[in-house]
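Per my numbering, the very first residue in the sequence shown carries number 174; after that it's consecutive. Here is the structure we will look at.
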Amino acid sequence: MRILVVEDEKDLAAIVKQGLEEEGYVVDVARDGEEGLYMAENFPADAVILDIMLPVMDGIAVLTRMRKKGIKTPVILLTARDALADKIKGLDTGADDYLTKPFVFQELLARVRSLLRRKGEAKQAAIQIADLEINTASHEVKRGGKAVALSAREYALLEFLAYRKDNVVSRTEIVEHIYSEDKDMDSNVVDVYVNYLRNKIDKGAKTKLIHTVRGAGYMLKVE
Ligand code: CA
174 MRILVVEDEK
184 DLAAIVKQGL
194 EEEGYVVDVA
204 RDGEEGLYMA
214 ENFPADAVIL
224 DIMLPVMDGI
234 AVLTRMRKKG
244 IKTPVILLTA
254 RDALADKIKG
264 LDTGADDYLT
274 KPFVFQELLA
284 RVRSLLRRKG
294 EAKQAAIQIA
304 DLEINTASHE
314 VKRGGKAVAL
324 SAREYALLEF
334 LAYRKDNVVS
344 RTEIVEHIYS
354 EDKDMDSNVV
364 DVYVNYLRNK
374 IDKGAKTKLI
384 HTVRGAGYML
394 KVE
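Here is the structure:
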């Protein structure tokens, strides 16, 4: 999953980026509102963490422009303590959630997960697809009740496919959302990772869940 962090405080942005990357997210950071809007438009993220107090263009203006352009990416606003007017304005503008500074990183993480789940229309931390269980909080995966050990990248790929279950996911989307752009990924590498994942998830199972859609990409579905 790809997260855009729009935050001008360098230290905070660095801590959030590092923490999210440790959880397996791909993170882009924008330092001002204008850059944030540009990134939101051009590098589709799965969630945006948007500070309100930003140089050039404030967070509310960024959010307003995003929603006007039809960008529906879930947004968590970061607000100053007691800035009630900002919170109300933010939610009215189309923010999905807000967090008051200073915050505990674990809370930000939980809110990000909650937003990503809402996007995937799953309400609990656990996603269940046939006998595949994915715990998005602990990253534990089970197939047929048996624990499956996945690397961080394999987990990220599985979660991405699971949130979009019954929809075709292209190799380009996988590269964009799972792997950082600076890694210069070849889309053939995606096939390699999908095969690793298949070996762990589908091998030996009666029903296959990860399907290749010829010429289009991959789809996680129950046949
Ligand atoms: Ca700020």
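We put the beta carbon where it would ideally sit given N, CA and C, even for glycine.
Helix, strand or coil: how does DSSP classify residue i here?
i, result
"Val235", "helix"
"Glu332", "helix"
"Ala310", "coil"
"Ala268", "coil"
"Leu282", "helix"
"Ala186", "helix"
"Gly318", "coil"
Out of the options, which has the shortest C-alpha to C-alpha gap to residue i?
i, options, result
"Glu195", "Tyr366, Tyr328, Asn372", "Tyr328"
"Ala310", "Ile222, Gln191, Glu332, Arg316", "Glu332"
"Val348", "Ala218, Arg240, Ser287", "Ala218"
"Ala325", "Asp231, Gly263, His312", "His312"
"Val395", "Asn361, Leu305, Asp359", "Leu305"
"Thr380", "Val386, Arg387, Gly388, Arg371", "Arg371"
"Glu285", "Thr266, Ile222, Gly377", "First, the residue type needs correcting, since residue 285 is Val and not Glu in the sequence shown. Comparing Cα-Cα distances from Val285 to each of Thr266, Ile222, Gly377, the minimum goes to Ile222."
"Ala283", "Met239, Gly192, Val365", "Gly192"
Within 10 angstroms of the Cβ of residue i, are there 16 or more other Cβ atoms? Answer buried if so, exposed if not.
i, result
"Ile233", "buried"
"Pro275", "exposed"
"Pro247", "buried"
"Gly390", "buried"
DSSP beta-bridge partners for residue i?
i, result
"Tyr391", "Val342, Thr385"
"Thr273", "Thr252"
"Thr302", "According to the sequence provided, residue 302 is Ile. The question's Thr does not apply to it. According to DSSP, Ile302 bridges with Leu305."
Legend entry - In chain order, each beta strand (DSSP E) run of at least 3 residues that lies wholly inside the stretch 192-256: As far as the stretch 192-256 is concerned, its whole beta strand (DSSP E) runs of at least 3 residues are 199-203, 220-224, 248-252.
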